[in-house]
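Undergrad:
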Amino acid sequence: MEPSEALNLHRTAIRQVVESHRVHNARVFGSVVHGADTDANDLDILIDPSPDATSFDIGAIRHELLTSPAAAVGSL
């Protein structure tokens, strides 16, 4: 599945995972934004951590997204 398809299908779930770990302002960048994604790409998400976020929060987001139905998500 192309990352853009995964984003369209699982946008709400992705947003819920990201927002549940003390980060905000999640946005997509890379091949998905440019419409050049393929099955070989991942979904690149840039986030702004809150002052109290830790690397464990970032790791938890990555783990939850990689083990979810939206598993095309690969980079944070």
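Just remember that our numbering sits 168 ahead of the position in the sequence shown, which is counted from 1. All residues carry an ideal CB built from backbone N, CA and C; glycine is no exception.
Suppose only complete runs of 3+ residues qualify. What are the beta strand (DSSP E) ranges in the stretch 172 to 229, listed by chain order?
TA: Correct list: 191 to 197 and 211 to 217.
Undergrad: On a CA-only basis, which of S172, D210, D216 and D207 is nearest N193? Give me that one, please.
TA: The candidate whose alpha carbon is nearest that of N193 is D216.
Undergrad: Compare the C-alpha of E170 against each of D210, A228 and L234 and name the closest.
TA: Residue D210 is the option with its Cα nearest to E170.
Undergrad: Does S218 pass the burial test, meaning 16 or more other C-beta atoms within 10 Å, or should it be called exposed?
TA: Result: exposed.
Undergrad: Any idea if T223 is buried or exposed, counting beta-carbon neighbours within 10 angstroms, 16 or more meaning buried?
TA: For the record, residue 223 in the displayed sequence is Ser; it is not Thr. With fewer than 16 other Cβ atoms within 10 Å, it is exposed.
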